[in-house]
Structure formats: C-alpha cells, structure tokens
Amino acid sequence: MALQLRRKTHESVIYIDRDSAPRIMPSGEDFILEDLPIGTRVLYPNASIKGLPNREAAIRYALNHPLGCDPLFAQLEPGMRVTVAVDDISLPLPPMATPDIRQTILEIVLDMLAGHGVDDVHIIIANSLHRKMTEWEMKRMVGPKIFSEYYPDRYYNHDAEWADGLIKIGETRHKEPLVLNRRCAESDLLIYVNINFVPMDGGHKSVAVGLCDYESLRMHHDPQTIRDSDSYMDPARSELNHKVIKLGKIVDEHLNVFHIETAINNRMYGADMDFLLRNEDDFNAFDRMKFEAMRYTMSKLPRAARRKLLHSRPAQYEMTACHAGKTELVHEKIVAKGFEQYAIPVRGQCDILITGIPDISPYNVYSILNPLLVQVMALGYHFNFYRNKPLLKKGGVLILHHPCYDEFDHQFHPSYIEFFNRLLPETRDAFTLREKYEREFANNPSYVEMYRRGNAYHGAHPFFMWYWGENGRQHVGHVIAAGAENAHVPAILGWERADNLTEAIAMARSYVGNSAEITMLHQPMIGIADME
Amino acid sequence: MAGAAFYDLEGTLVSTNLVHTLSFYARRQQGLVASFKKSAATVLSLPVFAVTDQYSRKVFNDLYFQRYKGQSEDRLRYFANELFEEVIKPAVFPGTYELIDKSRKLGLRQVVITGALDLSVKPLMEHLGITEYVTNRLEFVNGMATGRLLPPVMAAATKASWIRTYTERENISLSDSYAYTDSMSDLPMLSIVGHPAVINPDMRLRQTALHHDWPILNLK
C-alpha cells in the first residue's frame with residue numbers, strides 16, 4: 084500500500100525524501116518552515132491555466148452567444164426594469180487586483196443597457212447574511228465611474244432583514260419558503276454576475292442563496308445537510324447543492340434570470356510572492372532570498388501590521404472562461420473549467436492530514452481570522468476539498484497549524500463572540516445549537532441592527548460556520564492544533580493542542596500508529612483532491 | 017420567564033440630550049430679555065456641564081436641574097408638545113423604530129429609563145408606543161420649580177437598582193433582558209442584564225464595550 088501510495092501520480096503531488104527541503108507552512112499571519120517526515124505526501128496547487136488574453140472580448144462573446152436563451156441585447160427593451168446582482172467580497176480570495184472581473188462585466192452590461200434605452204437599473208450585492216460591504220470596498224469592486232453614478236441609491240447591499248425589501252416567491256414541496264430580494268424578484272430581467280472561485284459557488288446558489296432571507300437560508304444551511312454532503316465541493320455529491328437546485332427551479336419559474344459566470348485561474352500571488360505556491364525543492368537562490376526577507380520583515384511587525392500587510396496584497400487571478408445564459412447550462416461549463424484548474428488526481432487516503440491555516444477565508448476579508456473561522460477553514464473548507472472520498476481516512480487525525488488566538492472583530496463578527504464564549508462551552512453539538520440557540524441569535528435586536536446598519540455578519544452566521552465543519556467533525560478522529568498559543572481556544576473547539584508540528588505528528592502517531600500515511604496540503608492553495 | 021429591553025433615552029434612542037431641552041425652554045421665557053438672558057446663561061453653562069458630566073452624573077444633575085429653578089410647571093407642560101414636535105421627534109434615530117419593533121416581536125417588555133424630565137419624555141413615549149418608562153421629576157412648590165429633583169434620581173447606579181426592583185416585581189429574567197445606552201454612567205445598568213449593548217458610544221464606553229465584547233450599535 085505504501086509503495087502504491089508513493090507512486091508519483093501528478094505533478095502537484097510531491098513526496099518528501101531524505102534530501103527534500105523544508106516546506107513552507109502558513110500559520111495565521113506567519114509563514115514557518117517545517118521539516119516533514121520522510122514519505123509525507125505534499126499536495127501543491129496545480130500550475131495556473133493561462134488567462135484569456137482579452138477578457139472584454141470573451142465577456143461580449145458570452146453575452147451575445149448565451150446558452151439556452153436569447154442574447155442579452157435581444158432581451159432588452161426601453162423602459163424595462165433591470166437589476167444586476169453581483170457576488171460579494173467573500174470571493175475571490177484574497178480580493179483580486181483591480182479592475183475586478185465584476186467591474187469589467189458591469190461596464191459592458193451597463194453600457195449595453197444604456198444603449199438599449201434601459202434606465203431603471205439597480206446594482207445589488209448578493210451578500211445574503213454576510214456582512215454588508217463597506218463604501219470603500221464597493222467602490223473598489225466596481226471602479227469609481229460606476230460607483231459615482233450608482234451609489235448609494237442604485238448600488239447597494241442586499242438586506243436580508245428588511246421586511247419591505249423582501250418577497251416570498253414560492254416554497255418547495257416540503258414547505259420550505261423561498262423569500263428573495265423584492266427588487267430582484269420584481270424586475271423584468273435579473274442579470275447575475277458571478278465569479279466562480281470554488282465548485283460550490285455559482286449556479287442556483289447565486290440567486291437562491293445570495294439574495295434570500297434568514298428563514299429561507301436556514302432550510303439548507305443546517306447540520307444534517309452538511310453531514311449529507313460528501314463533499315460540498317463536489318456538486319454531484321453535495322446535498323447542499325441538491326437542495327439549492329430545487330430552490331433554483333422555483334427561481335426559474337418566477338424570475339427571468341440571465342446568468343453570467345466566470346472561471347478564474349489560481350494565480351493567488353504576483354511575482355513577488357508566487358514562491359509560496361511552488362515546490363520548495365525547486366527554489367532558486369532568489370526565491371529563498373525573497374522568503375527569508377519576507378519572514379524577517381514579518382517577524383519585526385506586530386500581528387495587526389502583518390495582517391494589514393497580507394491583506395494589502397491583491398490576488399493576480401485571471402479569467403479563464405466566461406459563459407452566460409440559463410443558470411444550469413452556464414454553471415455546468417464553469418464548474419468543469421474550475422475542476423480543470425483545481426483537480427489533483429490523488430490515490431489513497433491518508434491517516435494524518437496536515438494543513439496550515441493561512442489568514443485567508445471568505446469571512447475575514449480585511450479582518451481577523453477568529454477561532455470559529457479557523458475551525459471552518461480546517462474542518463470545513465480544507466477538509467472538504469475532495470471529490471469521491473475524503474483525503475483523510477475515517478477516524479484519522481487532522482493537524483492544523485495556527486496560533487488559535489482568542490481575537491474577534493467586534494465590528495464584523497459580534498455574534499461570533501457570544502457564540503464562542505457562551506454556547507460552545509455548553510455544547511458543541513450542532514443539532515442542539517441549532518434547535519436551542521440559532522433563532523435567539525438570529526433575532527437578537529442588537530445583531531439585527533449591526534447587520535442592517537453596520538457591517539456585521541448576521542446574528543445566525545456563526546451557527547452556519549459551525550455547521551460548515553460538521554461533516555469534517557463527524558469524519559475526523561482527532562484534531563490537533565499545532566502552534567496554538569493558548570490552551571483554551573483548542574479546548575473550547577474540542578481539539579487537542581501541540582506546541583509545534585513535530586509534537587503534533589508524534590501525538591497523531593500515538594493514535595494511528597507509527598506507519599501512518601501522512602499528507603500535507605501545501606497552503607495557501609485552491610485544489611480539489613480528486614480521489615481514485 | 018419573560019425578558020425586557022431597557023433603554024436609556026437621550027443619545028441612545030434620540031440624538032438630543034438634556035441640554036437641548038434646557039435650551040428649548042430657555043428660548044421660550046416670558047419676554048425677549050428673559051429669553052435672551054436664560055439662553056445666554058445656558059450657553060455659558062455648557063463647558064461646566066461637559067466637565068461635570070465626565071466627572072460625576074450626580075454632580076451634573078445637581079447643577080443642571082438648578083437651571084430650571086423658578087420656572088412655572090404650567091409653562092413647562094404647555095411647551096412639552098412643541099418641544100417634542102420641534103426638537104425631539106426629528107432627533108429620533110432611524111434605527112430606533114426598528115430596534116424597538118424587533119425587540120417587541122421577541123416578546124420583550126419595552127422599558128425606558130432616563131434622566132430626562134417626565135414632562136418632556138411623555139409625548140415621545142406615546143410616539144414610540146412605550147407605556148413603561150421611568151424619568152426624573154422636578155420638585156415644584158406652589159407651581160414653581162425649585163431646581164431640585166424628587167427621589168429617586170434616575171442616574172448611574174440608581175437605574176440598575178430600579179431595574180432590579182422592577183424585574184423582581186414583574187417576574188422578569190435579568191439574564192434574558194437587554195439594556196441599551198450611550199453613556200458610561202449607565203455601566204451598572206449594562207452590567208446586570210444578560211444582553212448588554214451600547215449605542216453610539218463615546219470613547220470611554222466604546223473601550224469598555226470592546227473589553228467586555230458587548231455589541232456596539234449605530235442607529236444613525
């Protein structure tokens with residue numbers, strides 16, 4: 084088995100040998116060097132697919148040659164009411180260098196609308212129960228021209244708690260309601276502008292989730308749905324995706340949606356930091372110098388400054404595909420393109436899975452990766468980056484590397500604080516939390532106001548973050564937080580802690596044996612382990 | 017056991033403070049000269065009010081309510097509705113209505129506890145549909161204000177004490193109750209409920225809220 088495992092299957096799969104260089108691991112705002120045990124399998128992100136040379140042309144082509152419906156220009160009539168909904172700041176990660184793809188699409192679409200005499204146009208950010216984007220973020224996303232023309236009256240965030248701004252458009256046969264943004268639902272045409280970052284993004288999720296209210300969302304954002312998703316990054320085996328498709332059918336019955344989806348490559352960093360995505364054995368002297376310079380600089384800065392520095396580095400993603408038209412037809416093509424970029428063929432599960440947790444998540448853009456978000460990245464996203472079967476064996480050990488500091492952003496994550504300090508010490512059972520406390524948090528007047536008038540995540544959002552780790556929690560035997568700077572955060576999350584990776588591996592081997600197969604995800608990476 | 021939502025008023029649900037009310041009455045004295053003199057005295061008192069409010073809410077109250085000395089009860093009551101329409105109603109924060117509405121839907125009793133005067137608060141309470149409120153009351157002798165308050169004086173720890181008595185009497189759970197204020201002087205009130213929150217806080221209260229991980233709201 085071991086020999087079979089170690090057979091090189093793909094250029095993104097590397098095995099540690101006697102003379103292998105130490106590997107770089109993110110740990111919060113730090114990057115550390117770790118010597119891994121010989122035989123450890125390391126998964127790297129795939130080489131980037133080359134971006135389209137002329138993305139404006141590709142977008143125009145998609146609009147004029149849509150899948151399953153008339154071209155956009157043919158659907159426009161003077162005087163009609165059109166709403167353009169766009170993905171929020173939770174993707175791509177980190178936020179991409181300007182001009183954002185959404186800006187380019189909007190410029191083309193708005194120009195086309197104006198050219199056809201369509202004046203009644205609103206742009207709505209489909210933030211669902213995520214925090215509302217700040218004015219600065221909104222301006223950055225669409226560029227100063229669109230911003231000055233549309234903000235704030237015709238360019239704004241969706242508000243899932245504004246009763247007058249919502250309308251029920253239907254319900255599933257299980258009586259699950261679908262309440263959507265009224266402006267979108269009552270428009271003659273809804274154009275959705277998407278960036279597909281991971282396979283669970285886009286498709287019917289864009290409208291049915293991005294523009295819904297709390298009661299609609301909680302019907303599928305629940306522990307059982309996540310348990311039944313194997314994984315939620317694999318649309319075909321994701322119960323979450325199946326439920327969202329049912330809601331999408333209702334959307335298609337009542338709304339005229341013209342869906343624009345884009346796929347991007349995985350160029351997370353520019354030339355100055357792209358060594359973080361490469362095999363350390365292939366580093367040249369200049370790469371090593373850059374890493375040491377970065378590490379030295381970071382070591383001299385306080386944590387907040389390191390965080391600020393990392394958040395100031397925009398990603399260099401390039402668009403690799405754009406399709407438009409009917410939601411399902413478009414989404415199918417874009418997901419296929421995404422897997423082309425992300426899928427890494429992997430043979431054999433491992434006993435110990437190691438993942439460094441970088442300061443990157445959909446929920447901490449320009450903010451702190453608090454303990455709940457560390458949890459959702461480890462047991463949620465990183466665990467779920469697989470297709471067919473988990474990378475980690477059932478009952479295996481997940482080692483994450485993060486300081487696990489007890490810090491929260493009071494402006495963005497107020498309800499997370501109460502969830503973490505009041506609820507988790509009482510129970511970590513997702514079903515109990517949902518039944519006993521979710522509605523209390525969702526209806527807490529303070530949290531509602533902070534969501535509506537401030538930039539806070541919805542009061543119920545920390546629950547969804549906890550559910551998001553549910554299938555990981557059920558699958559993993561032990562979780563060890565290596566490098567945790569305190570004992571209480573791992574304890575509250577139900578984890579063990581270790582001072583460093585070496586100690587964590589020794590602890591893990593005590594559970595799964597000395598011959599344990601070890602795999603490390605070389606973070607930061609967007610990659611799907613395509614299990615044989 | 018049911019819960020309640022306890023609100024401070026001025027600076028919390030409305031943007032006005034006690035000085036706005038005093039200024040309003042100062043401008044409506046009998047005759048131009050009296051109005052001018054009273055207004056000028058109010059303006060000159062502002063720095064003193066500001067300093068004493070930072071030092072002690074009790075000292076502030078002693079000084080502040082002295083400014084009402086000699087004013088007739090009839091006159092104060094006569095202008096109360098005008099004060100509400102002209103000064104207080106436009107100053108209600110947009111988020112106030114939603115906060116109260118959301119809170120009411122949770123089945124929480126709505127209670128306002130304020131250091132403002134009863135006669136200036138009543139129209140606002142009717143406007144917000146709040147029937148339970150406790151205020152400060154001026155002492156009147158022969159229809160004229162003495163510049164003193166009748167006990168209990170609603171400020172700082174007295175508010176917390178009043179809440180304790182009220183919740184015991186009404187069989188309300190403090191753990192399930194909410195409290196909202198903008199002022200550091202209301203820290204005791206925030207400390208005794210299960211769900212404290214601060215609204216538009218000053219620097220000191222903001223730091224305290226951050227330290228205790230309390231929600232910080234902006235209803236503007």
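Those sequence lines, one after another, are chains A and B.
According to my numbering, the first sequence is numbered sequentially starting from 84.
According to my numbering, the second sequence is numbered sequentially starting from 17.
Virtual Cβ for every residue (Gly too), placed ideally from N, Cα, C.
Identify every residue that forms a DSSP beta bridge with proline 428(A).
Taking the first sequence and counting its residues from 1, the one referred to as residue 428(A) is at position 345. The partner list for proline 428(A) (beta bridge, DSSP) reads Asp613(A).
Where does proline 607(A) fall in DSSP's three states?
Taking the first residue of the first sequence as 1, we reach residue 607(A) at position 524. Coil, per DSSP.
According to DSSP, is alanine 173(B) helix, strand or coil?
Within the second sequence, numbered from 1, the residue matching residue 173(B) stands at position 157. Helix at alanine 173(B).
Below 7 Å between beta carbons: does that hold for leucine 263(A) and isoleucine 252(A)?
In the first sequence, residue 263(A) corresponds to position 180, counting from 1. In the first sequence, residue 252(A) corresponds to position 169, counting from 1. Yes, these two residues count as a Cβ contact at 7 Å.
In this structure, does DSSP put histidine 465(A) in helix, strand or coil?
Working through the first sequence from its first residue, we reach residue 465(A) at position 382. Looking at histidine 465(A) - three-state DSSP - the assignment turns out to be helix.
What residues from chain A crowd round asparagine 234(B), counting only those whose CB sits closer than 7 Å?
Against the second sequence, residue 234(B) aligns to sequence position 218. Neighbourhood of asparagine 234(B) in chain A, by CB distance below 7 Å: Arg536, Gly537, in chain order.
Alanine 213(B) versus chain E: which residues are under 7 Å apart at the beta carbon?
In the displayed structure, chain E is absent; the protein chains listed are A and B.
Residues of chain A with a CB under 9 Å from the CB of glycine 47(B): which are they?
Position 31 of the second sequence, counted from the start, is the residue given in the question as residue 47(B). By Cβ distance, chain A contributes nothing, its closest Cβ being about 45 Å from glycine 47(B), past 9 Å.
Valine 448(A) and tryptophan 551(A): beta carbons closer than 7 Å?
The residue you call residue 448(A) lines up with position 365 of the first sequence. The residue you call residue 551(A) lines up with position 468 of the first sequence. Going by C-beta atoms, valine 448(A) is not nearer than 7 Å to tryptophan 551(A).
Cβ closer than 8 Å: which chain B residues qualify as neighbours of asparagine 569(A)?
As a position in the first sequence, residue 569(A) is number 486, starting the count at 1. What asparagine 569(A) touches in chain B: nothing, since even the nearest Cβ is about 16 Å away.
Which residues of chain A have a Cβ atom closer than 8 Å to the Cβ of leucine 122(B), listed in chain order?
Position 106 of the second sequence, counted from the start, is the residue given in the question as residue 122(B). Neighbours of leucine 122(B) on chain A, chain order: Asn526, Pro528.
Could you pull out every residue in the same chain whose Cβ sits closer than 6 Å to the Cβ of alanine 195(B), ignoring the five residues on either side in sequence?
On the second sequence, position 179 is the one that residue 195(B) refers to. Answer for alanine 195(B): Phe22, Met205, Leu206, Val209, Pro212, listed in chain order.
Fully enclosed by the region 328 to 378 of chain A, which beta strand (DSSP E) runs are 3 residues long or longer?
Correct list: 340 to 347.
Per the DSSP calculation, glutamine 126(B) is bridged to which residue(s)?
One-based indexing of the second sequence puts residue 126(B) at position 110. Answer is Ala21(B), bridged to glutamine 126(B).
Report yes or no: is there a C-beta of chain A within less than 7 Å of the C-beta of aspartate 229(B)?
Sequence index remark: in the second sequence, residue 229(B) carries index 213 (1-based). Yes, aspartate 229(B) lies at the interface with chain A (some Cβ there is under 7 Å from its Cβ).
Can you tell me the Cα-Cα spacing of alanine 225(B) and tyrosine 488(A), whole angstroms?
As a first step, residue 225(B) must be located in the second sequence, where it is residue number 209. As a first step, residue 488(A) must be located in the first sequence, where it is residue number 405. Looking at the two C-alpha atoms, the distance is approximately 20 Å.
Candidates Ala543(A), Tyr520(A), Leu516(A), His485(A), of which the one nearest glutamate 568(A) by Cα:
For the purposes of this step, residue 568(A) is taken as residue 485 along the first sequence, with counting starting at 1. Answer by Cα proximity: His485(A).
Starting from the C-beta of aspartate 69(B), find all residues in its chain whose C-beta is less than 6 Å away, skip the five residues before and the five after it, and write them out in chain order.
On the second sequence, residue 69(B) is found 53 positions in, with the first residue counted as 1. Within the same chain, aspartate 69(B) has close Cβ partners Phe76.
Chain B residues whose Cβ lies nearer than 9 Å to that of histidine 493(A):
Here residue 493(A) is taken as the residue at index 410 of the first sequence, counted from 1. Neighbours of histidine 493(A) on chain B, chain order: Ala225, Leu226, Asp229, Trp230, Pro231, Ile232.
Would you report the Cα separation of arginine 43(B) and phenylalanine 52(B), rounded to the nearest angstrom?
For this step, residue 43(B) is matched to residue 27 along the second sequence. For this step, residue 52(B) is matched to residue 36 along the second sequence. Counting only the Cα atoms, phenylalanine 52(B) lies some 7 Å from arginine 43(B).
Going along chain B in order, which residues have a C-beta closer than 8 Å to the C-beta of methionine 356(A)?
Taking the first sequence and counting its residues from 1, the one referred to as residue 356(A) is at position 273. By Cβ distance, chain B contributes nothing, its closest Cβ being about 33 Å from methionine 356(A), past 8 Å.
By Cβ distance below 7 Å, which residues in the same chain neighbour glutamate 298(A) in space, the five residues on each side in sequence not counted?
Residue 298(A) sits at position 215 when you count from the first residue of the first sequence. Result list for glutamate 298(A): Pro260, Val262, in chain order.
Alpha-carbon spacing of glycine 111(B) relative to phenylalanine 502(A), whole angstroms
As a position in the second sequence, residue 111(B) is number 95, starting the count at 1. As a position in the first sequence, residue 502(A) is number 419, starting the count at 1. Glycine 111(B) and phenylalanine 502(A) have their C-alpha atoms roughly 24 Å apart.
Use the C-beta contact count for phenylalanine 369(A): other C-beta atoms within 10 angstroms, 16 or more gives buried, fewer gives exposed.
In the first sequence, counting from the first residue as 1, residue 369(A) sits at position 286. Exposed, because fewer than 16 other Cβ atoms sit within 10 Å of the Cβ of phenylalanine 369(A).
Where isoleucine 500(A) meets chain B, residues with beta-carbon distance less than 8 Å:
Against the first sequence, residue 500(A) aligns to sequence position 417. Under the 8 Å cutoff, chain B gives Asp229.
Terminal residues of the beta strand (DSSP E) in which arginine 124(A) lies
The sequence position of residue 124(A) within the first sequence is 41, counting from 1. That run of the beta strand (DSSP E) goes 124 to 126.
For chain B, is any of its Cβ atoms less than 7 Å away from the one on methionine 533(A)?
Position 450 of the first sequence, counted from the first residue, corresponds to residue 533(A). At least one chain B Cβ lies under 7 Å of methionine 533(A).
What is the DSSP secondary structure of proline 217(B), counted as helix, strand or coil?
To locate residue 217(B), count along the second sequence from 1; it is residue 201. Coil at proline 217(B), not helix or strand.
Taking C-beta to C-beta, are isoleucine 97(A) and asparagine 349(A) nearer than 7 Å?
In the first sequence, counting from the first residue as 1, residue 97(A) sits at position 14. In the first sequence, counting from the first residue as 1, residue 349(A) sits at position 266. No, these two residues do not count as a Cβ contact at 7 Å.
Quick one, which residues of the region 127 to 161 of chain B are near chain A if we go by CB-CB under 8 Å, in chain order?
none
Assuming contact is defined by CB atoms lying nearer than 7 Å, are serine 450(A) and phenylalanine 495(A) in contact in what I supplied?
Indexing the first sequence from 1 puts residue 450(A) at position 367. Indexing the first sequence from 1 puts residue 495(A) at position 412. Going by C-beta atoms, serine 450(A) is nearer than 7 Å to phenylalanine 495(A).
Can you pull the chain A neighbours of leucine 118(B), defined as C-beta to C-beta under 8 Å?
Locating residue 118(B) in the second sequence gives position 102, where the first residue counts as 1. According to the sequence provided, residue 118(B) is lysine. The question's leucine does not apply to it. Scanning chain A for C-beta atoms nearer than 8 Å to the C-beta of lysine 118(B) yields Asn526, Pro528, Val531, Glu532, reported in chain order.
Can you check DSSP and say which residues form a bridge with arginine 164(A)?
The count along the first sequence starts at 1 and reaches residue 164(A) at position 81. According to DSSP, arginine 164(A) bridges with Asp203(A).
Ordered along the chain, which non-local residues of its own chain (more than five positions away) have a Cβ less than 7 Å from that of isoleucine 116(B)?
One-based indexing of the second sequence puts residue 116(B) at position 100. Excluding positions up to five away in sequence, the list reads Gln126, Leu144.
Specify the secondary structure class of cysteine 152(A) as computed by DSSP and reduced to three states.
In the first sequence, counting from the first residue as 1, residue 152(A) sits at position 69. Cysteine 152(A): coil per DSSP, three-state reduction.
Could you check if phenylalanine 81(B) is buried or exposed, using at least 16 other CB atoms within 10 Å of its CB as the buried criterion?
Within the second sequence, residue 81(B) is the residue found at index 65, counting from 1. In the assembly as shown, phenylalanine 81(B) is a buried residue. Its beta-carbon has 16 or more other beta-carbons within 10 Å.
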